[in-house]
Amino acid sequence: MKTIKILLFCIAAIAIVSCDNDNDPTNNVCDTSYVSTPITNAFSLANAYDDNVTMDLETHEYTLQINANGEICSVGYQNPNTYTGGYTMEITNTTTNVTYTGTHTFSQTVLDYQSITPLIVNTGDIINVKRTILPGYTMLNQTIGHVLRKSDYTDVPYPITQGNVVFLSSNFYGTGGPVPNFAQPYIALGFKVN
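With mature numbering (1 follows the signal peptide of the UniProt record, and there is no 0) as the guide, the letters of the sequence shown map in order to residues -20 to -1, 1 to 174.
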């Protein structure tokens, strides 16, 4: 009988902890399309952007504003076919000065999402997203990455708003650069709306 009570208590505790308080089942998951869809739509061929794997600098970064309350819960990237190693992925809420930093290796064939320690975001917070190749790479072409660049080779005319996301700037540097606003890095974020 005591074992049954303990088991029932554990089940009740798990049920309480796993529920949120707004009864909205659509926000209980890490939405991997929250930033990738706006990147794909805003920087599309229809908007005069080309999808490239280029820019042979160690760090690819961009800044965006998320106009929703929630948390960044994953990071998505795709290694180029020239590199199987890892990256330091850094996501900073510059409004609150809170940073996630982790080492990740991604698939070479698909956009690969990996969970991160959640980073809290309030409407209007400015987020910096950075990918830096790990030391020890052996060829410059290993530093390239997936970017979306203007078809006429002009700088990206930031800011660009797509839904609840405003893309503010980009930068590329390390073994050269900086090269601001050359292209939009395709580094996606998973987001869970509160």
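Idealized CB from N, CA, C, for every residue including glycine.
- About 5 Å separates the CB atoms of LEU114 and GLY66; that is less than 8 Å, so the two are in contact.
- In terms of Cβ geometry, THR43 and LEU148 form a close pair [threshold 7 Å].
- Secondary structure at LEU120: helix, using DSSP grouped into helix, strand and coil.
- Assigned with DSSP and collapsed to three states, ALA28 falls in coil, not helix or strand.
- For ALA163, the three-state secondary structure derived from DSSP is coil.
- Per DSSP, THR43 lies in no alpha helix (DSSP H) segment; the continuous beta strand (DSSP E) that holds it begins and ends at 39 to 46.
- PRO160 and TYR133 have their C-alpha atoms roughly 13 Å apart.
- When VAL15, ASP31, LEU128 and VAL9 are compared, the shortest CA-CA separation from GLY143 is found for VAL15.
- Between the stretch 116 to 124 and the stretch 79 to 90 there are fewer than three C-beta pairs closer than 8 Å, too few to call the two in contact.
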